[in-house]
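Just below is one structure, and these are the notes that go with it.
Numbering (this note's numbering), first residue to last: 66 to 872.
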C-alpha cells in the first residue's frame, strides 16, 4: 500500500506559491491568467439573470439613470449641469415643482455611459442595453482594482490579491449592487474605492517624495471619481481624517508627520476634483456652507497635528492623554448629532443607530434599505447575514479589520476603520451591505493571507522573516521545520482551507441558484414573483397612446420612475423620495375615505383638470368557471417572517398601504383588520386559507379608502371591459371584535386593533356592487389584468382611474 509523501505535497504547494510570488514572466502569466478567470466568474454570476431573460433594467433607480444618460447623450456631456428645475425636461418629475438633478443626483453614470456608448453602439447595442451592462463592466474592473488594493496592503503578495479578487467574485453580499441591469451608484463606485485604497497605500508606504506626491494625486483622482458616482463619497473621504486621528494611538514611536501632510493634501485635492458635483459638495456641507458632519470630520486633522506638536515636539502629553481626548470628542460629537445640533441625513442617522433619538418619520422607516440587517427579535436575520457574507467570511472580515488596526500603518488603519464604520452602519441599515462586505473582503483576504503564510510560507516570506530577525540562518531553519512537520502542516492546511472556503462555496452555490431565478422587476410587473408578466409593458404602451403629454399620473412613489421615464408623463413622486411633504400628500390622496379631501389636495398641487389619473396595482387569483371569474386578493403561502402566525392579503400596494397610511398620518386601525378565520372558510376555490390575515374590509366597498375601493370597483368594471364574462370580487365577512391579546404582539407594529371573526364569504358582483363601490369623481379608465407566464391563476391587475373635477 503506497504512502503519502507529505513533504513532497507541501513542497509542491510551496513551489506554486513561490511561482505566484516570484518576479518572472511565468509569474505574471500565471497571476493574470488566474485573475482573468476570476473576473470571468464574477461577471458570469452577475450576468445570470440576463442569460435567461435578456437585457433589461432591474429595480427602480436604474430607470432614472437611463433618463439622465439619454438626455446627456442627446444634448451633450455638459448638458448634465442644465438639469435644474428651470429645465422643462425635468418638470415631469415631482410635479408641479420639477427636480434639480444637479443638487440631488450624481453625474458619473450618465456621463460615463453616454461617453462610451458610441463604442458599444457600433456593436449593435441600444443605449439602454449598454447601460444595463455597466454593472458587469464595473464588476470586472472591481475584480482588478480589489486585487491591486489587497496586494499592495499585504506587501505585494499576489496570493493575497487573488484571494481578495476571488472573494469579491463569489461572496453574495458583494454582488448585490453589481447584478446585470441593476445600475446602482454604489456598485459602480466601489471599483474606484478599491483603486483609491491601492494608491493611498502606495503613497503612505513609499519614502520617495516624488513617488509619494504622484501616488497621492492618483489617490485623490480615484477618490474624487467616487464622488462623481456615489453619495458614499462623504463616508470614504471622511474616513481618512478619522483614521489619521487614530494613527498616533497605533503608530506609537513610528508616527510620521509626513503621513499627515500628504493625507491633508489628498483630502484637499479630492474635494477640488469633486467640486463640480453639487450633490457631493452639499453632502460635505460646502454648498451651501453649513456646519455638518463632513466639515467637522475634516476639522479632525487638527488632532494628529496637535499630537505632533504636543507629544512629539514638546513632550507635553502622551498617547494615553491623547486617547482620552479622542474618546471625549467622539462622545461629544455623537451627542450633538443625537440632539440635532449637528444635522445629518436620515440615512446616516439610521446608520449611526440614532433612530431612538431622532424623529425621522415613517417615510424613512418605510424604505427597505433602511431596515436593520440584524434584528435581535428575528434570529433569521442573523442567519441571512452569515449566508450573504459566505458564512465564515463574516468572522474573517471582523478579525481581519482588527488585524489591520494592529498593524498600525496609516493605510491599514484606514481600511480597518472604514470597514468597521461600514459594518456598524450595515447592522443598522442594509443599504451599506455592499460597502461593508466589499471592505470586509479586503480585511478577510488580508487575514487569510496571514494564516496561509504561517502554514506554507513562500520563499519571499522566509527571506523577509530572516531579515526581520536579522539572522540569515533563519531561512534554513524554517525550511527544515516545514520538512519535519510536513504531515501536520499539510493536514492543518487542508482542514483550515476546507473550514474557510467550503461555507463560501455553499453560499456561492445558493447565490448562483438565486441569480438564475432572478427576473428584472418590470418584467415581473413590479412583484416579487420570479415569473414574467407583461402588465406594466402593456400599461406603458396604453399610456403613451391614449393619455395626453400633459397628463398627471398619481401613484405610489415606487413606480414614479417607470411612468415618467418610459411614458414622459408627469408624476407627483418617485424613488428619489426628495420631498417628504409631497409624499405625505400623495399618501393622503390614496388613503382618503372622502373623495373631496383627495380632490382638494390635487387642486393644491395644481393637478391638470380632467387630465389627472390615479394608479394602483396588486396581484390577484383569477379562478374561471364557465363564464364566471372569481377574483381573490393574493394570499402568500409563506406568512411574513415578521408575523410568524399571520398572513397578509396582497403582494404589492395592499401590503405597502400600511406605509401609505402611516406616512399620511392616519390611524392604521381605521384601515386594516385582523381576519380570524378559525376554519370558518378553509378554502376558497381550491386556495388554502390560513387562520389569520391582515387585510382591509373588502367586503364593504362603500366604506373603503380610495386605493382599496379602486381595486374592488376596478375588478367589477372588467364586466364592461370584457363583455361576456361576469367578474366576482371575493373576500371574507364577519363580526368585528378586539384583537386577542395573544395575537397582538405579532401585529403591534402594524397598529391593527380590531379583529374580524370570519363567518362567511363576501361575494361581490354585478351592477349592485359596482354601484356601491363606485366613486363620483374617480372613475375607471383602463383595467389591465395579465396572467403570469405558465400560471393561469395568478394575475397582475393594474387599475388606472381618471379624476373628473373642475378647477
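Don't be surprised by glycine CBs; every beta carbon is placed ideally from N, CA and C. Just so we're clear, the structure is a prediction, and the values are computed from it rather than from any experiment.
Please confirm whether residue 260 and residue 290 have their CB atoms less than 9 Å apart.
-> Cβ atoms of residue 260 and residue 290: closer than 9 Å.
Does the distance from the C-beta atom of residue 677 to that of residue 619 stay below 9 Å?
-> In this structure, residue 619 lies closer than 9 Å to residue 677 by Cβ.
Is the CB-CB distance between residue 474 and residue 316 below 9 Å?
-> It is a contact, given that the beta carbons lie within the stated cut-off.
Per-residue DSSP class, three states only, for residue 867 | Correct three-state label for residue 867: strand.
Spatial neighbours of residue 427 within its chain, please: CB distance less than 7 Å, with the 5 preceding and 5 following residues excluded, ordered by chain position.
-> Excluding sequence neighbours, residue 427 sits near 724, 727 and 728.
Separation of residue 286 from residue 262, as counted between CA atoms | Residue 262 and residue 286 have their C-alpha atoms roughly 12 Å apart.
Through-space distance from residue 850 to residue 857, alpha-carbon basis | Whole-angstrom Cα-Cα distance: 12 Å.
From residue 499 to residue 745, what distance separates their C-alpha atoms?
-> In a straight line, the C-alpha of residue 499 is about 47 Å away from that of residue 745.
Count the CB pairs spanning the segment 448 to 464 and the segment 746 to 759 that are closer than 8 Å, and state whether there are at least three.
-> The segment 448 to 464 is not in contact with the segment 746 to 759.
Look at the alpha carbon of residue 275 and the alpha carbon of residue 209, and state the distance between them as a whole number of angstroms.
-> About 26 Å.
How close, in whole Å, do the beta carbons of residue 681 and residue 432 come, if the pair is a contact with beta carbons under 8 Å?
-> Not a contact, Cβ separation roughly 19 Å.
Look up residue 759 in the DSSP assignment and give the residues it is bridged to.
-> Bridge partners of residue 759: 713 and 739.
Determine the extent of the beta strand (DSSP E) in which residue 617 is found, giving its start and end residues.
-> Counting along the chain, the beta strand (DSSP E) containing residue 617 begins and ends at 617 to 619.
For residue 839, I'd like the list of residues in its chain whose CB is within less than 8 Å of its CB, leaving aside the five on either flank, ordered along the chain.
-> Excluding sequence neighbours, residue 839 sits near 778.
Look at the alpha carbon of residue 116 and the alpha carbon of residue 576, and state the distance between them as a whole number of angstroms.
-> Taking the straight line joining both Cα atoms gives about 15 Å.
Closest by CA to residue 875, which one among 686, 182 and 692?
-> Look at the range of the chain in this structure, 66 to 872, and you will see that residue 875 is not part of it.
Alpha helix (DSSP H) segment containing residue 303, residue limits = First-last of the alpha helix (DSSP H) with residue 303: 298 to 316.
Compute the Euclidean distance between the alpha carbons of residue 126 and residue 355, then round it to the nearest angstrom.
-> So the two alpha carbons sit approximately 29 Å from each other.
Inter-residue spacing [alpha-carbon to alpha-carbon] between residue 596 and residue 265 = For residue 596 and residue 265, the distance between alpha carbons rounds to 46 Å.
Which first and last residues belong to the alpha helix (DSSP H) in which residue 842 is found?
-> Element bounds for residue 842: n/a, residue is neither H nor E.
Around the Cβ of residue 223, are there at least 16 other Cβ atoms within 10 angstroms (buried) or fewer (exposed)?
-> Counting the other Cβ atoms within 10 Å of the Cβ of residue 223 gives 16 or more, which makes it buried.
Residue 569 burial status per 10 Å Cβ neighbour count (16 or more: buried) | Result: buried.
Have a look at residue 249 and residue 813 and give me their C-alpha separation to the nearest angstrom.
-> Between the alpha carbons of residue 249 and residue 813 lies a distance of about 34 Å.
For the 8 Å Cβ check, are there 3 or more pairs between the segment 317 to 328 and the segment 371 to 382?
-> Short answer: they touch.
Out of 324, 358 and 162, which has the shortest C-alpha to C-alpha gap to residue 478?
-> Cα-wise, what sits closest to residue 478 is 324.
Residue span of the beta strand (DSSP E) that contains residue 814, given as start and end | No residue range can be given for residue 814, since it is assigned to no beta strand (DSSP E) and is classified by DSSP as neither H nor E.
CB residue 196 to CB residue 112, shorter than 9 Å?
-> Their beta carbons are not under 9 Å apart, which means residue 196 does not touch residue 112 by this criterion.
Closest by CA to residue 793, which one among 806, 776 and 805?
-> Ranking 806, 776 and 805 by Cα distance to residue 793 puts 776 first.
For residue 243, which of helix, strand or coil comes out of DSSP?
-> In this structure, residue 243 counts as coil in the three-state DSSP scheme.
Verify whether the separation of the beta carbon atoms of residue 733 and residue 862 is less than 9 Å.
-> Against a cut-off of 9 Å, the Cβ pair of residue 862 and residue 733 comes out as no contact.
Report the three-state DSSP secondary structure of residue 945 (helix, strand or coil).
-> This structure leaves residue 945 out entirely; the chain is present only between 66 and 872.
In this structure, does DSSP put residue 282 in helix, strand or coil?
-> Here DSSP, grouped into helix, strand and coil, assigns residue 282 to helix.
Determine the contact status of residue 247 and residue 435, defining contact as a CB-CB distance below 9 Å.
-> No, the pair does not count as a contact, with Cβ atoms beyond the cut-off.
Who does residue 794 pair with in a DSSP beta bridge?
-> 696 and 829, per the DSSP bridge assignment.
What do you reckon, are the CB atoms on residue 587 and residue 121 nearer than 9 Å?
-> Yes, these two residues count as a Cβ contact at 9 Å.
Limits of the unbroken beta strand (DSSP E) element including residue 680 | Its beta strand (DSSP E) spans residues 677 to 690.
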